[in-house]
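Asks: 19 is the number of the first residue of the sequence shown in my numbering; add one for each residue after it.
What follows is a structure written as structure tokens; I'll ask about it next.
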Amino acid sequence: MVQAVSNSNNMSSSQSSPGGNDAAKKSGIKVLQAGENLFHENDLASSLFIIQKGQIRLFRPKGRGFVELAILRAGEVIGEMAFFDDAAKKRSCSAEAIIYTEIIEISFEAFSKAMDKLNPWFKTIVNTLVKRLKKSNDTVKSLESNSISYGRDGKVSNYKFFTNLDVARALSTFYLVAKAHGEVKGMQMAIHMNMLKFYMFDIYNFPEIKFEEVMNLFRELEMIELKEDKEGLLNEIRINKLEDFKSLMKFFNNQRHAGEDDELMISAKCERFLKRIYDQVDAERSTQKIVEADLSEILADFKHRNIPIDEEDLKDAIEAGYVGEIIVGHNNQLICDVEIQKLRENFPIIVMVNKIKKVNEAKSKV
Numbered sequence: 019m020v021q022a023v024s025n026s027n028n029m030s031s032s033q034s035s036p037g038g039n040d041a042a043k044k045s046g047i048k049v050l051q052a053g054e055n056l057f058h059e060n061d062l063a064s065s066l067f068i069i070q071k072g073q074i075r076l077f078r079p080k081g082r083g084f085v086e087l088a089i090l091r092a093g094e095v096i097g098e099m100a101f102f103d104d105a106a107k108k109r110s111c112s113a114e115a116i117i118y119t120e121i122i123e124i125s126f127e128a129f130s131k132a133m134d135k136l137n138p139w140f141k142t143i144v145n146t147l148v149k150r151l152k153k154s155n156d157t158v159k160s161l162e163s164n165s166i167s168y169g170r171d172g173k174v175s176n177y178k179f180f181t182n183l184d185v186a187r188a189l190s191t192f193y194l195v196a197k198a199h200g201e202v203k204g205m206q207m208a209i210h211m212n213m214l215k216f217y218m219f220d221i222y223n224f225p226e227i228k229f230e231e232v233m234n235l236f237r238e239l240e241m242i243e244l245k246e247d248k249e250g251l252l253n254e255i256r257i258n259k260l261e262d263f264k265s266l267m268k269f270f271n272n273q274r275h276a277g278e279d280d281e282l283m284i285s286a287k288c289e290r291f292l293k294r295i296y297d298q299v300d301a302e303r304s305t306q307k308i309v310e311a312d313l314s315e316i317l318a319d320f321k322h323r324n325i326p327i328d329e330e331d332l333k334d335a336i337e338a339g340y341v342g343e344i345i346v347g348h349n350n351q352l353i354c355d356v357e358i359q360k361l362r363e364n365f366p367i368i369v370m371v372n373k374i375k376k377v378n379e380a381k382s383k384v
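Structure representation (structure tokens):
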């Protein structure tokens, strides 16, 4: 393998020479941005890759979603199976960068030259191990299933990257680790990434690819922050409101057992409308159960800023019981009653549910 890497670094002479062939020209350093594909399943293969920096996810499209296979990091090899597979020189899965990634591309021609220099008995061992691995992979493929959600009566629902169970497990693990191993730092609770991963992966067998998305999700929702640990690495997780994890976990656990008619359904437009209502009526932190909101003021601002939201977009919130029916008050103002305490407690849930829906929609696109 070291010889193969050396060949890739010495390709500059063959690349510039007239006799340099197409396969040799493909060797060298490649850079991928987050979300950029390295290759797709069933693409013709002519190179293997060594990750120099970053992370690559391996997955297989299935139905409206994906089967997540693995996450590879610096020092690991991608695409070598196609070199040893005599039946077909095609990619067995797709590969995509999770973050900024640098890889070394080694053409099969250059790799073949390195293999030819090995002792025959060592080549036999390598080929035997590869064949066994391929057989195991084929067995896994025949048994694999992606994150399908099941509705009532055992009916199959749409593909979901994050199920309610996934979210409940992630939230409960964060809460458990913080309670057992957390350290209070100011207004935050600090836990170490390694301890969290120990529970997530070794104890609860949480999928690694979903863990990466959970971390992104919690950071976007400002539930956690990453700080440097004693070694100067961003491995200290600061939890902003630990009790929110507990209440959110209870909600998503209850949603697991709810029928489709009972699931919380607040559209993105309705969420935005509710946020403006919440900001307006909660400014004085009223202790009353029900307060009145001036919808005309909010709608006028939406219209002024060309935001396509009107009173019809509040329908989901009315049906969920967060606000009352819209009525016409003095001077033809549109007003409604707001269950302020209920909205105050549930708005973080609404935001999180819609964030998860957005992730699931993105993951379901093939």
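Where a beta carbon is used, it is the ideal one built from N, C-alpha and C, also for glycine.
1. Distance check for residue 204 and residue 212, CA to CA, integer angstroms please.
2. Can you find the residues in the same chain that come closer than 6 Å, C-beta to C-beta, to residue 71, ignoring five residues on each side of it along the sequence?
3. Going along the chain, which unbroken runs of the beta strand (DSSP E) with 3 or more residues stay wholly within the stretch 254-329?
4. Along the alpha helix (DSSP H) that carries residue 183, what are the first and last residues, could you check?
5. Within 10 Å of its beta-carbon, does residue 347 have 16 or more other beta-carbons around it, so buried, or fewer, so exposed?
6. Taking C-beta to C-beta, are residue 313 and residue 288 nearer than 8 Å?
7. According to the Cβ coordinates, are residue 245 and residue 237 closer than 8 Å?
8. Leaving out five residues on either side along the sequence, give the residues of the same chain with a beta carbon under 7 Å from the beta carbon of residue 222.
9. For my contact list, residue 239 and residue 373 are in at a C-beta cut-off of 8 Å; report their separation, rounded to the angstrom.
10. Take residue 351 as the anchor and find which of 316, 322 and 339 has the nearest alpha-carbon.
11. Count the other C-beta atoms from every protein chain shown that fall within 10 angstroms of the C-beta of residue 140, then say buried if there are 16 or more, exposed otherwise.
12. By how many angstroms is the C-alpha of residue 227 removed from the C-alpha of residue 338?
13. What residues in its chain sit with their C-beta under 7 Å from that of residue 376, if we drop five residues either side in the sequence?
14. With C-beta atoms as the reference, is residue 331 less than 8 Å away from residue 291?
15. Hey, how far is the Cα of residue 329 from the Cα of residue 301?
16. According to DSSP, residue 86 sits in a beta bridge with which residue or residues?
17. Give me, in chain order, the residues of the same chain whose beta-carbon lies closer than 7 Å to that of residue 286; leave out the 5 immediate sequence neighbours on both sides.
18. Consult DSSP for residue 246 and reduce its assignment to one of helix, strand or coil.
19. Judging by CA-CA distance, which residue of 63, 114 and 342 is the nearest neighbour of residue 307?
20. Ignore the nearest five residues each way along the sequence and tell me which others in residue 260's own chain have a CB closer than 6 Å to its CB.
21. For the alpha helix (DSSP H) containing residue 69, name the first residue and the last one.
22. In three-state DSSP terms, what is residue 130?
23. With H, G and I counted as helix, E and B as strand and the rest as coil, what does DSSP make of residue 206?
24. Residue 91 by DSSP, collapsed to three states: which one?
25. Taking the straight line between their C-alpha atoms, what separation do you get for residue 370 and residue 233?
26. What first and last residue would you give for the beta strand (DSSP E) that runs through residue 56?
27. Use the C-beta contact count for residue 181: other C-beta atoms within 10 angstroms, 16 or more gives buried, fewer gives exposed.
28. Can you tell me whether DSSP reads residue 61 as helix, strand or coil?
29. Span of the alpha helix (DSSP H) holding residue 334?
30. In or out: residue 178 buried (at least 16 other Cβ within 10 Å) or exposed?
31. Would you decide whether residue 43 is buried or exposed? Buried here means 16 or more other CB atoms lie within 10 Å of its CB.
32. Cα-Cα, which of 247, 134, 89 and 112 is closest to residue 201?
Replies: On the basis of the data shown:
1. In the sequence shown, the residue the question calls residue 212 occupies position 194. In the sequence shown, the residue the question calls residue 204 occupies position 186. Their backbone Cα atoms lie some 22 Å apart in a straight line.
2. Along the sequence shown, read from residue 1 onward, the residue named residue 71 stands at position 53. Here the set comprises 92 and 120.
3. 254-257 and 308-312
4. The residue you call residue 183 lines up with position 165 of the sequence shown. Unbroken alpha helix (DSSP H) run through residue 183: 182-199.
5. Start at 1 with the first residue of the sequence shown, and residue 347 comes out as number 329. Under this definition residue 347 is an exposed residue.
6. As a working note, residue 313 is residue 295 in the sequence shown. As a working note, residue 288 is residue 270 in the sequence shown. In this structure, the beta-carbon distance from residue 313 to residue 288 does not fall below 8 Å.
7. Mapped onto the sequence shown, residue 245 falls at position 227. Mapped onto the sequence shown, residue 237 falls at position 219. No, the Cβ-Cβ distance between residue 245 and residue 237 is not below 8 Å.
8. Stepping through the sequence shown from its first residue, residue 222 is reached at position 204. Excluding sequence neighbours, residue 222 sits near 187 and 191.
9. Counted from its first residue, the sequence shown places residue 239 at position 221. Counted from its first residue, the sequence shown places residue 373 at position 355. Their Cβ separation, rounded to whole angstroms, is 6 Å, which keeps residue 239 and residue 373 in contact under 8 Å.
10. As a first step, residue 351 must be located in the sequence shown, where it is residue number 333. Residue 316 is the option with its Cα nearest to residue 351.
11. In the sequence shown, counting from the first residue as 1, residue 140 sits at position 122. Per the 10 Å Cβ criterion, exposed.
12. Here residue 338 is taken as the residue at index 320 of the sequence shown, counted from 1. Here residue 227 is taken as the residue at index 209 of the sequence shown, counted from 1. Computed Cα separation, rounded: 33 Å.
13. In the sequence shown, residue 376 corresponds to position 358, counting from 1. Cβ neighbours of residue 376 beyond the five flanking positions: none.
14. As a first step, residue 331 must be located in the sequence shown, where it is residue number 313. As a first step, residue 291 must be located in the sequence shown, where it is residue number 273. Yes. Within cutoff.
15. Locating residue 329 in the sequence shown gives position 311, counting from the first residue. Locating residue 301 in the sequence shown gives position 283, counting from the first residue. So the alpha carbons of these two residues sit roughly 22 Å apart.
16. The residue you call residue 86 lines up with position 68 of the sequence shown. In the DSSP output, where bridge partners are listed per residue, residue 86 has 77.
17. Working through the sequence shown from its first residue, we reach residue 286 at position 268. Around residue 286: 372.
18. Locating residue 246 in the sequence shown gives position 228, where the first residue counts as 1. DSSP places residue 246 in coil when its eight states are reduced to three.
19. The residue labelled residue 307 in the question sits at position 289 within the sequence shown. Here the closest residue by C-alpha is 342.
20. Numbered from its first residue, the sequence shown carries residue 260 at position 242. 196 and 207.
21. Here residue 69 is taken as the residue at index 51 of the sequence shown, counted from 1. No alpha helix (DSSP H) holds residue 69; the beta strand (DSSP E) holding it covers 65-71.
22. Counting from one through the sequence shown, the residue named residue 130 turns up at place 112. Helix at residue 130.
23. Counted from its first residue, the sequence shown places residue 206 at position 188. Residue 206 falls in the strand class under three-state DSSP.
24. Stepping through the sequence shown from its first residue, residue 91 is reached at position 73. Looking at residue 91 - three-state DSSP - the assignment turns out to be strand.
25. Residue numbering aside, residue 370 sits at position 352 when the sequence shown is read from its first letter. Residue numbering aside, residue 233 sits at position 215 when the sequence shown is read from its first letter. So the alpha carbons of these two residues sit roughly 13 Å apart.
26. As a working mapping, residue 56 is identified with position 38 in the sequence shown. Going by DSSP, residue 56 is part of the beta strand (DSSP E) stretching over 55-57.
27. Locating residue 181 in the sequence shown gives position 163, counting from the first residue. Counting Cβ neighbours within 10 Å, residue 181 comes out buried, since at least 16 surround it.
28. Position 43 of the sequence shown, counted from the first residue, corresponds to residue 61. Residue state, collapsed to three classes: coil.
29. Numbered from its first residue, the sequence shown carries residue 334 at position 316. Here the alpha helix (DSSP H) through residue 334 covers 333-338.
30. One-based indexing of the sequence shown puts residue 178 at position 160. By the neighbour-count rule (16 or more Cβ atoms within 10 Å), residue 178 is buried.
31. By one-based count along the sequence shown, residue 43 stands at place 25. Low local confidence applies: a pLDDT of 46 at residue 43 is under 50, so the model's placement there is unreliable, and no value is given.
32. The count along the sequence shown starts at 1 and reaches residue 201 at position 183. Nearest option by C-alpha distance: 247.
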